[in-house]
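The block underneath contains the structure these notes are about, expressed in structure tokens.
Number of protein chains: 2
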Amino acid sequence: MGLSGRKEKILQAVVDSYINNCTPVSSAEIKESKLPSLSTATIRNELAALEEMGYLAQPHTSSGRVPTAEAYRLYVEKLMPKRKLTRGELKIVKRYFNRTITELDDMLKSTAKVISEITNLTSVAYAQNVADATITRIKIVKISDSTALVVIVTNLGVMKDATMSVNGILSDEYCDNASRFVSETFGGYKVSEVLKPKPIIKSVKKEYENVFKTVLKILKNYAHDEMVSDIVLEGSAKILEQPEYENLAKAKAMLELLDAKEELVPVLANNDNMNLSIKIAKDNEIKDGTPECAIVTANYAVNGVSLGNAGVIGPIRMDYAKVVSVLDYIGKTINLLPAGSGGEEEVKELSEHMDDENE
Amino acid sequence: MGLSGRKEKILQAVVDSYINNCTPVSSAEIKESKLPSLSTATIRNELAALEEMGYLAQPHTSSGRVPTAEAYRLYVEKLMPKRKLTRGELKIVKRYFNRTITELDDMLKSTAKVISEITNLTSVAYAQNVADATITRIKIVKISDSTALVVIVTNLGVMKDATMSVNGILSDEYCDNASRFVSETFGGYKVSEVLKPKPIIKSVKKEYENVFKTVLKILKNYAHDEMVSDIVLEGSAKILEQPEYENLAKAKAMLELLDAKEELVPVLANNDNMNLSIKIAKDNEIKDGTPECAIVTANYAVNGVSLGNAGVIGPIRMDYAKVVSVLDYIGKTINLLPAGSGGEEEVKELSEHMDDENE
DNA sequence: CATTAGCACTCTAATAAGGTGACTGCTAAT
DNA sequence: ATTAGCAGTCACCTTATTAGAGTGCTAATG
Chain A
0 MGLSGRKEKI LQAVVDSYIN NCTPVSSAEI KESKLPSLST ATIRNELAAL EEMGYLAQPH
60 TSSGRVPTAE AYRLYVEKLM PKRKLTRGEL KIVKRYFNRT ITELDDMLKS TAKVISEITN
120 LTSVAYAQNV ADATITRIKI VKISDSTALV VIVTNLGVMK DATMSVNGIL SDEYCDNASR
180 FVSETFGGYK VSEVLKPKPI IKSVKKEYEN VFKTVLKILK NYAHDEMVSD IVLEGSAKIL
240 EQPEYENLAK AKAMLELLDA KEELVPVLAN NDNMNLSIKI AKDNEIKDGT PECAIVTANY
300 AVNGVSLGNA GVIGPIRMDY AKVVSVLDYI GKTINLLPAG SGGEEEVKEL SEHMDDENE
Chain B
0 MGLSGRKEKI LQAVVDSYIN NCTPVSSAEI KESKLPSLST ATIRNELAAL EEMGYLAQPH
60 TSSGRVPTAE AYRLYVEKLM PKRKLTRGEL KIVKRYFNRT ITELDDMLKS TAKVISEITN
120 LTSVAYAQNV ADATITRIKI VKISDSTALV VIVTNLGVMK DATMSVNGIL SDEYCDNASR
180 FVSETFGGYK VSEVLKPKPI IKSVKKEYEN VFKTVLKILK NYAHDEMVSD IVLEGSAKIL
240 EQPEYENLAK AKAMLELLDA KEELVPVLAN NDNMNLSIKI AKDNEIKDGT PECAIVTANY
300 AVNGVSLGNA GVIGPIRMDY AKVVSVLDYI GKTINLLPAG SGGEEEVKEL SEHMDDENE
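Going down the list, the sequences are from chains A and B.
Quick note: the first sequence uses numbering that gives the first Met the number 0, first residue 0, plus one each step.
Quick note: the second sequence uses numbering that gives the first Met the number 0, first residue 0, plus one each step.
So this is what it looks like as structure tokens:
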């Protein structure tokens, strides 16, 4: 159902104002800020209509209007003003990214920090799951007489490695042969394929059985662990700056959610092929008992390789225009990072180290 | 200055009660709970004396007494009742540790979680810095035509590895030779020694210069990063359960401290050779503006190898007896873990994976 | 018929006032 | 040295009052 131009304008005014002040918006306010040519009475009529339509609500009979989640959705989709970063905000981004970032962990943290600093919200950054990575080769590296390091290389880079120990004594030869064997066995498959209940690999030479099992175990551990380990939160304390969480109980519920970062993974993970995902209230299906909140995330990539998602988590009343512009700009920055700082070399550093650190 | 037995008893009663209820303690309360034979008037006299001595304070003239930081120090040192874990608490510990823990990260998290769950406080676990690790050997592993993985093995296990890339094409031979070269060059030194301003190593064969520099860079990165990366916090939200942080401003200050985990490192790091460290208020020198708090940590080791520290951070009014008993028991549990669950094998798993994960 | 001025009505939030009860400190008696 | 007794203090809770912001509705207007 279409909204008349005037209704749209009024709704936009309400949301804008409420985002800024977190106080119910009165007809007089709207008149002054956006529609001085109309009388408050007319605006009141429109407000009543918008309430009827489900876009606005009244905390109590004699108070101003407050946007509903529905209003925010419309706002984000149509009403929201486009904005660019201010000079000061650009400076902050530069400060965080104008240096060599060697590791994915570092990258995650920087991204989260800069987002949190500019938006003044709690930010979250999440590294891509590797289930989709394709195994390139596997190396067994002898590191002591009875222990070896298992290095799994994927198209995304080096996966977390783990040690294995044997009872006897490891020979260099055995390691080389075993490397060749597992490389050929697993090479070309995706991690997720290898881990499927129905094994793709049927027969295993007995002498390499041990190695084979170890590799499987590592992959399993990794694919599982990855789910929970590579989430970075920044600015949890900022949640308390939001008036909606002044209520201690709500603040606590929110912080409990942040404490249990794992719960956020499903919400963060499923926007792989979306540039931008905005989940308001019920959109985000986090566990019950969590106070209403919104999660805005963007997917980040370098040279077509997706690194992961990052964004903010905060009250439904948040400055979406600002958040979107920040996420957008950071996305571009990350993608351009290497080119901007000294040619091909850096590009490599980044994509390599991403995986290197992917543990 | 010694306290009379009766004064001690009264002070203990005040601290005990205050720890439980967080309400100023009255003379009548003390009479009922600990000294029914005395009159409240007598107790009041003693309380006044203890206040004079700096152990107690009065929020306002007509309220009960509250312990000062000094009182807590004395309490911890002399007055505190020894207690053991309850059956329920033991169960919780078992639940977290009665399974194979494969990685240090996992270990840190489990430790932090169990501490937080039992004490109902925010807990912190911190992995040992590797500056003291001695380099055993270094391997350069070819993973693609132009990239290699640098694996640094120390007495504590495998250090975080990183990739390096070269312009030309890497031969297996070169990798082998380079491995030998850097192993001989760095082997036997501590990480901290290698990183000293005055280089211990003077001459480097030109063909291995690249590798040499890369190794140094990795070590540097590692030693530096380690400071900030391996801190795990659990139960940040629990800080809000403490009445002293009901005040929103204080809660925020506290959460900001937790947000900036790095700030905690100095406080956590310097009890390497202490079993137990209790830092009350001014004892812990965290940044200014932080609300008063206490930090209790213990050092954990397996088979003489120190893993790191773990403990709690909370209001000065905390149940020290409980905290100490928990930390103590967990220390023993961790140390016994391997032996308790299947012989030598497990011990290896643990100490290996500790380093494996030591990123 | 859309718009608007005007007014009665509603509800919150802030302030004040009064009462209650939990403590203490002090004094005088034991 | 201990204690009973009592006056005095202070936080906290409840209730009352008021001011003000904002609405909905009605009737008048172009």
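Heads up, the beta-carbon is just placed ideally off N, CA and C, and yes, glycines get one too.
With a cut-off of 9 Å, does the C-beta of residue i fall near any C-beta of chain B?
| i | result |
| --- | --- |
| A:V123 | no |
| A:M226 | The pLDDT assigned to A:M226 is 47, lower than 50, so where the model puts this residue is not dependable; a value taken from the coordinates is nonetheless given after this. Not closer than 9 Å to any Cβ of chain B, the Cβ of A:M226 fails to qualify, so no. |
| A:R136 | yes |
| A:T110 | no |
| A:T213 | no |
| A:D287 | no |
Verify the CB distance criterion: does residue i have a CB-CB separation below 9 Å to chain A?
| i | result |
| --- | --- |
| B:D258 | yes |
| B:I142 | yes |
| B:E208 | no |
| B:L49 | no |
| B:T67 | no |
| B:T85 | no |
| B:V14 | no |
How would you list, in chain order, the residues of chain B whose beta-carbon sits under 7 Å from the beta-carbon of residue i?
| i | result |
| --- | --- |
| A:G234 | D258 |
| A:L148 | V150 and V157 |
| A:T118 | By Cβ distance, chain B contributes nothing, its closest Cβ being about 15 Å from A:T118, past 7 Å. |
Interface residues of chain A around residue i at Cβ under 7 Å?
| i | result |
| --- | --- |
| B:K251 | A236 and L239 |
| B:L254 | S235, A236 and L239 |
| B:T22 | Those within 7 Å of B:T22 in chain A number zero; the least Cβ separation is about 19 Å. |
For residue i, return the contacting residues in chain A, with the cut-off set at a CB-CB distance below 8 Å.
| i | result |
| --- | --- |
| B:D267 | The amino acid at residue 267 of chain B is misidentified as Asp; the sequence shows Leu. In chain order: nothing, as chain A lies at least about 19 Å away. |
Report the CB separation of residue i from residue j in whole angstroms; it is logged as a contact under 8 Å.
| i | j | result |
| --- | --- | --- |
| B:R64 | B:V24 | 5 Å |
| B:I315 | B:A68 | 6 Å |
| A:V149 | A:I142 | Not quite, the Cβ-Cβ distance comes to about 11 Å (not below 8 Å), so this is no contact. |
| B:E245 | A:L247 | 7 Å |
| A:S115 | A:K33 | Their Cβ separation, rounded to whole angstroms, is 31 Å, which puts A:S115 and A:K33 out of contact at 8 Å. |
| B:S16 | B:E7 | With a Cβ gap of about 15 Å, B:S16 and B:E7 do not count as contacting. |
Which one or two residues does DSSP pair with residue i in a beta bridge?
| i | result |
| --- | --- |
| A:L275 | A:A297 |
| A:M163 | A:A147 |
| B:Y125 | B:I230 and B:N308 |
| A:T133 | A:K189 |
| A:I139 | A:V149 |
| A:R64 | A:V24 |
| B:A56 | B:V65 |
| A:V157 | A:V152 |
| B:G303 | None; B:G303 has no bridge partner. |
| B:G313 | B:A293 |
Using a cut-off of 9 Å between C-beta atoms, extract the partners of residue i located in chain A.
| i | result |
| --- | --- |
| B:E245 | L247 |
At 8 Å on the CB atoms, spell out the chain B contacts of residue i, in chain order.
| i | result |
| --- | --- |
| A:T360 | Given a span of 0 to 358 for chain A in the structure shown, any question on residue 360 of chain A remains unanswerable. |
If contact means a Cβ-Cβ distance below 7 Å, which residues of the region 161-176 of chain A contact chain B?
A161, T162 and S164
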